[in-house]
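Order-wise, the sequence lines are chains A, B, C and D.
Sequential numbering of the first sequence, starting at 1, is according to our numbering.
Sequential numbering of the second sequence, starting at 1, is according to our numbering.
Sequential numbering of the third sequence, starting at 1, is according to our numbering.
Sequential numbering of the fourth sequence, starting at 1, is according to our numbering.
Glycine included, every Cβ here is placed at the ideal spot set by N, Cα and C.
Given the structure is predicted, the values throughout are model-derived calculations rather than measurements.
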Amino acid sequence: MGTLADLISSTLVFSVALIFAALGGVFSERSGVFNIGLEGMMTAGAFGAAIASYYMETDGGATTSSPWVGLIAGVFCGLVFALLHAYATVSLKADQTIVGVVINILAVAVTLYLVKIIFEGAGDTAQLEQVFAKWPIPLLSDIPFLGRAFFNSYPTTYIAYILVPLSSYLLFRTPFGLRLRSVGEHPGAADTVGISVTKYRYIGVLISGALAGLGGATITLTTTSNFSHSTISGQGFIAIAALIFGRWNPYGVFGAAFFFGMAQALRNFLTRFEFSQSIPTEFLYMLPYVLTLIVLAGAVGKSVRGPAAAGEPYDPSKR
Amino acid sequence: MNKAAEIFNKPSTYIPFIAIVLGLLCGGIVMWIGGYDPFAAYGALWKTVFGTKYDFGETIVAITPILFTGLAVGFAFRAGIFNIGADGQYIIGMTAATFIGLKVHLPAFIHAPLALIVGMLCGALWGALVGWLKAYRGVNEVISAIMLNWIALYLSNYILRDFLVKKGEQKTPNIDDTASLSIGWLQNFMEGARMDWGIWIGLLCVVIFYVLLWRTKQGYELRAVGHNADAAKAAGINIKASFIKTMMISGAFAGLGGVFSVLGVFHYQVVQAASAGYGFDGIAVALLGGNHPIGILLGAILFGGLTYGSAGMNFEADVPSEIVRIVIGSIIFFVASHGLIRTVIQPLFKKRKSRERKGG
Amino acid sequence: GSKNNNSEGGSSASASASASESASPSASASESASPSASASASESAAPADGKGKKIGMVTDLGGVNDKSFNQQAWESLQKIAKDTGAETKYQESKKDSDYIPLLTKFVKDGYDLTWGIGFLFADAATTVASANPESKLALIDTTPTKELPNVESVLFKENEGSFLVGVVAGLTTKTNKIGFVGGMELPVIKKFEAGFKAGVAAVNPNATIEVNYVGDFSKPDQGKLAAATMYDGGADIIFHAAGGSGNGVFNEAKDRFKAGKKVWVIGVDKDQSIEFGNDVTLTSMVKKVDEAVYRVSNDLLAGNFHGGQTVELGLAEGGVGLPVENPNVSKEILDKVEDYKNKIISGEIKVPTE
Amino acid sequence: MEQAVPVVELRGITKRFPGIVANDAISLELRKGEIHALLGENGAGKSTLMSILFGLYQPDEGEIRVNGKPQAIDGPGKAIELGIGMVHQHFKLVQPFTVAENIVLGIEPSKGLSINYRQANAKVKELSERYGLMVEPTVKVENITVGMQQRVEILKTLYRGAEILIFDEPTAVLTVQEIHELMQILKRLANEGKSIILITHKLKEIMEVSDRVTIIRRGKVVGTVNTAETSESELAEKMVGRRVSLDKPKEAAKPGEMVLELSDVTVAGADKGKPVVDGVSFNIRAGEIVGIAGVDGNGQHELVEALTGMRAVQSGSIRLNGRDITQASIKNRIEAGMSNIPEDRQKHGLVLDFSVSENLILGSPEQERFFKGGFLNKSEIDRHAAKLIEAYDVRTPDIHNKTRSLSGGNQQKAIIAREMERDPQLLIAVQPTRGLDIGAISFVHDRLLQARAEGKAVLLISYELDELHRLSDRIQVIFDGRIMGEVDPEKAADDEIGLMMAGKMQAGKGASA
Ligand SMILES: Nc1ncnc2c1ncn2[C@@H]1O[C@H](COP(=O)(O)OP(=O)(O)OP(=O)(O)O)[C@@H](O)[C@H]1O
Ligand SMILES: Nc1ncnc2c1ncn2[C@@H]1O[C@H](COP(=O)(O)OP(=O)(O)OP(=O)(O)O)[C@@H](O)[C@H]1O
Ligand SMILES: [Mg+2]
Ligand SMILES: [Mg+2]
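Put into C-alpha cells, the structure is as follows:
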C-alpha cells in the first residue's frame, strides 16, 4: 500500500503541470479556439517563474514567498502569449493552427533570447534556491494511504485539486460557462442573442494562457528549479493529448493527465524490480506512450468530438 | 487550415513578401532592444548563406529535411489530416535506411536505391499506423501521432543500440559506401559541403505532390475527403482507405527526409535523447507555404536559409541565434494574420476590391 | 602541490585550510610518460602569451551552461582569455547536424585551436580536420576515427573515479540501498555505472544498487522522478551521471531534506556541493575537464601543440577523483578511499569499464 | 393616432456587397399586430434586409425607425433591446445544450454564481404553455425534431420579450403538420399583438396567414399588396417577372422493368434498440416515380441511407435490376446505376471548396472517361461541366469557380445535373426542392418528370404533400419505420394520407408489395 501511495505521489509530480495546461486547453477550445500553442505558453510560464524567482532571490533576498511570486509571473508570461494568440485568431481571424505553431516558435525563441541577454550568453537560468517544498496538509496527510498519496505534495498540487472542480463548476454551472461553451459550439447562436463572441473567445484563450503558464511555472518551481530550452519539451503536446483524451472536460482532463503521469511514474517504478534490468531501457521509455495508444485504441467506437465550432474563426457574414 | 492555401491562391501574393519584410523588421527591433546591431547581424546572415560555395551548399543541406517534412505535413493537410507525426516518420525512415546501409551488402546501383526505398516505406508504414488508428479505432490523429513520435524515437534508439552501434560507441559506424547518396563531385565543387541527392529528390517530390494531388484520380479523391468526408463517402469513396493512403504518402515524404540525412549527409546515425524536431519545423514550413508544394518549397528555402544563416549571425555578430526563430515566427504570424497587413499596409498601396465570394 | 585532498574536519562543514591549490596529485602526473600530461595543474604552468590568438569551442547538445563539462570547458577558456589575452569564443550545437558546420566555421575563420566538447564529436572532428589539414582541433571524451596529426584528444577514466565514490557510498549507506541515475544509456555513462558498482561491491557486498537511466541529459523532471522513486524505495544515496537531469536528483534530495529526511546525492563532473550545498551533497566524482582544456590551450599558445596524441586521464594523472573538500565524509572513509586509490593507481585493482 | 405609427419603418435601405446591390432603397412598414410577408426569388435580398433590421449587417444608406423613433441597430444586442427577435433561416441553436439552456442563453436566471436551472426550466415551461408551443425544457436540442427546434427558436425570441418577430423561411424544413402548427402559432402571436415579418417561398402559406405582402425583385421593392386582394398566381408573376405554374399536367406513367425491390428491409436503431426501419417492402419500376410520404423522423433518412449504402441493413434484401445489392459498397451501387440527390446538399452532395467542374464528376461511375489511366482528364471534365451547367441552367460565371460561391438554388441544380446526367436506372431524390424559389422548383419538377419519361425509376422523398401529389405515380406512407400502405395520389385525399402519416390508419387496400 505504501508503495502504491508513493507511486501516486510521484505521479502527481508529473501530472500537475499537465493538468493545468490541459485545463487551459479546455477553456480555449470550449470557447472555439484551438490551442496548439499550449507548449509555447507553458514555456513562457516556466521562463517567467524562473526569472521572477531568480530576481526575488538575488535582489529581493531569498524568501519563502519567492516561488509564489514566480508562480504569478509564470501566469503573467503565459498571458502575454495568449494575448497574442487571441489577437491573431479572434480579432484578425487568423488560422488557429498556424498561430498556435507561431506561439510555440516565438515563445521558445523569445524566452531563450532573454535568458541569453540576462545570463550573459548562457542558455539556461541559474539554479533557484527557493522553490516549492512538499507541504503535507495537516490532518489530511495523516489519513492512511490517501494522505501519503494525495496530501503530501506541493502547493501547486493542491491548487490543481481546487482548479479542477472549480473549472467544472465554472463551465457547467454558471452563466459564464454556458456562454463560453455556446461561443465554442455555435458562435452564430451566441452572437444573435447578444453574447460577444470576441469577448468570450478572448477570455477563453487568456485563461488557457494563464493556466498553461501556471503549468510551466509548476515545472520550474517543483522539479527543475531552473529554466532551459528543454524545461518544456513536449509537455504542451501531451497536454493537448490529455485534453482530447479527457474529452474537453475538467475531470476527464484530470484523469487523462493522471494517467500520463502514472505511466511515467510506473516506468521509474519498474526499475526497482530485478526483471526490469532485462528489459531494454528503450522499451521502458516507450511504456507511457504505448499504454496511452493501447487505451485509446481500445476505447474504439466512442468517437471523440470537440466543440463544434473550434478551429473556425467566427465571421458573422459567412453563412 | 485552408485559409493559408487561400492566401496564396489570392491575387495578393505580395502578402508573404510584406510578411518577410515585417518579420525581419521585428527581428531587427528585438535585436536593437537587446543591444545588438541588427545591420551587422543581417549582414552576417546574408554572408553566411551566400558567402562561399561551402556555405551555400550547407544551406541546401539545412533546407532539405524541412522540405521533406513540410511536404509530408502539407500533403496530409490537403487530405484533411493534421500530421503532427512527421517527426516520428522521419526518424523511422532514417533508422531503416541506416539498417539497410549497414547490414546489407550489395553493389551500389542496387544498395543505395534499396536503402532509400526501404527507408521511405518504413516512414510510410509508420504514417499508415496513424491513418489506421484513425480509420479503424477512431483515435484522434493528433494524439496518436504525438505518442508515435516518442515511440519512434525510442524504438529507433533500441534498434541502434542493440543491432547497429558497436560496443563503446554512441553512434553507428558509417554506412557502406555503396549505400551512399552523396554526390562526390558536387561536394568537391561546393568546397566540401555535404551535397547529396536529397534536394533533387525533394524537388521531384514537389512535382509528385502536385501531380498526385491535382492531376490524378487518387489525389482528387483524397482532396474530396479532405474538404468534405461526408460528401466523399456518399460519392463512393472509401474514407478509411483514404486516411491510410494519405498517411502513407505523407509518411513516405517524411521518411525520405530521414533517409537522406543518413545516406546523403551524415552516413551514420546517433542515439539521441530527443529528435531534431524537423517534423515540427515541417508544420511551420507547410503552413508558411500554404500547403501548396511550390509554397512549401519556398517556405523551406526561407526557413532553411534563415536557420543556417543564424549560425553566422551568432558567430560573427554575437547575436543569439534565437533571433532567427523570432524572425521566422513573426513571418508566419504576419502571413497568417493577413488581415493585419490588409488593414494596416494595404491602404498604402491601392485598395484592391477582389474579395472572394463565399457563402451558402 | 600537496598530496592532501582530504579535509580533516570529518563531517564538519568548515572548509579545510589545508586544501591544496591544485586538486590533483602532481607527483604521479609528473612521472607520466606522456609529455602532454606533464603539466598537472593549470596554475603550475605559466600562462603563455595569447595576444592575437584565437581559440574556439563547440559544445555538444548540453550547451554551455550544462553544469557539466561544457560549462567547465568554457569557464576554463574564459580563464585562458583572462590569463593570456587570447580571444575565445564558443558556439552551441542545437542538434547533431550542427557539429560539422560549427567546427568548420571556426576553422575557416582562422582560429588557432578549436575544441569539440563531448563524445559525439569524433566523426565531425575527423571530417573537418582532414578537410582542413592546416587547422588544429582538440577533443574531450573522444578521439578522431583515424589518425590525424592536427587533432589532440583528452579522455578520462571515469570508471576509476566512480569506483572511489562507490567506496564512499558503500561505506556511508545505512539502508544498504544505493541508487544510480544515468542520463542516456551510453558507453561513457556505463563507465560511471560500472566503476561505481565495483566500488560499492568492494566495501559493502550487501548493498544493492538500483539503476535508472532517464534517457536524457537535460530533463531534471525525469531525474527528480527517478530519484523520488529510489528514495521512496529506501535508497539513501544516489550517484548521478545524468548532466542536467541530475539536477532533478538534487532537487528531490533537497525537498526531502527540507521535509526532515536525510538523503545523499553524489554529484558528477564538478564539485556539485558548490551549487547544491552540503545538506545533500555527499561528495562528487570530479572530472577535470577544465584543467585539461586549460592545459592543452595554454600549451598551444606556448607553441606546444601535441597533435595526433591522445591523453587518458585517470586517477594516476589526477584527471578524476573526489573534490578537495568532503565535509560530509568521515576521515575513516576518506582513508579507505585513499587506500583504494593507491591500489588502482598501482594496478592492484582493475576497475571495470562496463 | 397610436394605431398609425408603424412598429417598424424601413426607409430607403440600401446595402451593397462587392459587385451587387443586395438592397436598393428598400422601404417597408410593419404595422402592429400584422403578419407581413416578404416574397422574392432566391438571392432577391430578403435575408439581407432582415439581417439589417436585426443588426447583423449595417445598411449603407437609409433609416430604420422602431415605434416612430430612428434607431441605429449596431448589433443583435441592440435589436433585442428594441424588442426585435429573429428566427433564422438556418437555426441558431447550440446542439448539445438543452432546450432551456438555449432559450435562456445570455440572460440566465441565477442563484448566487450558479445558473438557477430550476427557475430556467420553469420559466421556459410556463412560456411554452402560454403560447401553446409545447417544448420539453430539459431535453437536448440535438435530440429533438426540426419542428421542435423551430419552436425553441420562437421561444428564444419570446423569452427576450420580442414584440417584433422576423421569420426567415421558417417552413423550408418543416413537415406538413409542423407547418400547419406554425401557421397557427403565427396567428396566435399576431393576435397577442406581436408584429411579424414572414419570409417564405410558399405562396400558399402567404395566402393563409399574412395580412400584407411585399415583393422584392433584385434588391428593389416591386410593391406591397393586401393579401386579401391578391392571388397566388399574381404573386408568382410579380416575383419572377413572368408567369409560372407548378400545376402542369403530367403524362401517364408507362411502367417498365422492375428496377428496385425492397423486401423486408430492417435497419437497427442506435443502441440496438427498436429498428428505425422496420420490415419495409416496396418496389419501383422503370418509368415511374414512387413517393414516400411521412413526417420527418419516421425512418426516411435511415431508409435512404440503407438504400445508398451509407448504413448497414440488419435484415431483408435490396435488389437493383434483379441484382442483390444489400451488402454492396456505395461505389458498387453507383456503378450499378443508382443516383442520389441527398437531403443535405452541402453535407452529402457537394465538396464546397471544389470547383464546379470538379463537383460535377464527384462519384461519377465513368472512370475511363474522366480519369484516363488514373490521371484526371481535364479537358473532358471541363467539357462535361460546360455541357451540364448549360443544360441545367446552373448559374455561375465560371466552371472553375468554387462551388461555395454558388447560391443555394444553384448548388442544388448542380447536384441534380450531376446525378441525372449519370443516366441512372434509379434516382433517389430527397427533398429536391427545399429552399428553392418557385421558378427553380418548377425547373426541378420538369427535370424529374423528364427522367421518368426517359424510363428511369425515381424514388422521391418529400415532406411536401403537394410535391408528392404532383410528381408521384404511387405514394408509400411511412410511419415509425413501417410502411403504412400505398396510396394513389390521384385518388387519395390529403386527410387520408395525413392520418396514415400519423400512424392512425392503414391503407385500405393493404398493398405493401
Ligand atoms: N455576406 C455577403 N457578402 C456579399 N454578398 C452578399 C452577402 N450576403 C448576401 N449577398 C448578396 O446579396 C444578395 C441578396 O442575398 P439574400 O441572402 O438577401 O437573398 P434572399 O432574398 O434571402 O435569397 P433566398 O430566397 O435564396 O434566401 C445576394 O444575391 C448576394 O449576392
Ligand atoms: N459571403 C458571401 N459573399 C458573396 N456572396 C454571397 C455570400 N453569401 C452568400 N452569397 C450569395 O448570396 C446569394 C444567396 O445566398 P443564400 O445563402 O441566401 O442562398 P440561397 O439560395 O438562399 O440558399 P439557401 O437556401 O441555402 O439559403 C447567393 O447568390 C450567394 O452566392
Ligand atoms: Mg435568404
Ligand atoms: Mg435562401
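Neighbouring residues, chain A, relative to residue i (Cβ below 7 Å)
i                 : result
LEU225 of chain C : SER10, VAL13, PHE14, GLN264, ALA265, ASN268
VAL258 of chain C : This sequence places Lys at residue 258 of chain C; Val is not what is there. Going along chain A in sequence order, the residues near LYS258 of chain C (Cβ under 7 Å) are ALA133.
ASP255 of chain C : ALA133, LYS134
Three-state class that DSSP yields for residue i in the structure shown
i                 : result
ASN102 of chain D : helix
PHE17 of chain B  : helix
ASN42 of chain D  : coil
ALA207 of chain C : coil
GLU312 of chain C : strand
ASP211 of chain D : coil
PRO288 of chain A : helix
ALA276 of chain B : coil
SER168 of chain A : helix
PRO136 of chain A : strand
ASP168 of chain D : strand
GLY261 of chain A : helix
ILE55 of chain C  : strand
THR111 of chain A : helix
Partner residues on chain A for residue i, Cβ-Cβ distance less than 9 Å
i                 : result
LYS114 of chain D : According to the sequence provided, residue 114 of chain D is Ser. The question's Lys does not apply to it. Simply TYR169, ARG173, THR174, PRO175.
GLY43 of chain D  : Residues of chain A passing the Cβ test: none, with the nearest at roughly 13 Å.
Partner residues on chain A for residue i, Cβ-Cβ distance less than 8 Å
i                 : result
LYS156 of chain D : VAL193
PHE50 of chain B  : Residues of chain A passing the Cβ test: none, with the nearest at roughly 24 Å.
Contacts that residue i makes with chain D (C-beta to C-beta distance below 9 Å)
i                 : result
ARG215 of chain B : PHE375, LEU376, LYS378
ARG179 of chain A : LEU105, GLY106, GLU108
Spatially closest choice to residue i from the options, by CA coordinates
i                 : options                                : result
ILE159 of chain B : B:PHE99, B:ARG137, B:GLY202            : B:PHE99
ASP123 of chain C : C:MET184, C:GLU312, C:LEU113, C:THR143 : C:THR143
ALA46 of chain A  : A:VAL115, A:SER9, A:THR58              : A:VAL115
VAL211 of chain B : D:GLY374, D:LEU39, D:MET239            : D:GLY374
ALA152 of chain B : A:PHE283, A:ILE8, A:PRO316             : A:PHE283
PHE109 of chain B : B:ASP177, B:TYR54, B:GLY51             : B:ASP177
Amino acids of chain D, ordered along the chain, whose beta-carbon sits closer than 7 Å to that of residue i
i                 : result
PRO316 of chain A : LEU56
Chain C residues whose Cβ lies nearer than 7 Å to that of residue i
i                 : result
GLU169 of chain B : PRO187
ASP6 of chain A   : ASP232
Per-residue contacts from residue i into chain B (C-beta, under 7 Å)
i                 : result
HIS348 of chain D : ASP230, ALA231, ALA234
Amino acids of chain B, ordered along the chain, whose beta-carbon sits closer than 8 Å to that of residue i
i                 : result
THR308 of chain D : ALA234
Please list the residues of the segment 106-132 of chain D that have a C-beta atom closer than 7 Å to any C-beta atom in chain A, keeping them in chain order. GLY106, GLU108, SER110, LEU113, SER114, ILE115
Selection of the segment 303-315 of chain B by Cβ proximity to chain C, strictly under 7 Å: ALA311, ASN314, PHE315
Do three or more CB pairs link the segment 392-400 of chain D to the segment 124-141 of chain D at distances below 8 Å? no
Using Cβ-Cβ distances below 9 Å, what residues of the segment 199-231 of chain A are close to chain C? ILE219, THR222, THR223, THR224, SER225, ASN226, SER228, HIS229, SER230, THR231
Can at least three beta-carbon pairs, one atom from the segment 276-295 of chain B and one from the segment 53-72 of chain B, be found at a separation below 8 Å? Contact between the segment 276-295 of chain B and the segment 53-72 of chain B is present, because at least three Cβ pairs lie under 8 Å.
Along the segment 322-335 of chain D, where does the CB come closer than 9 Å to a CB of chain B? Name the residues. SER329, ILE330, LYS331, ASN332, ARG333, ILE334, GLU335
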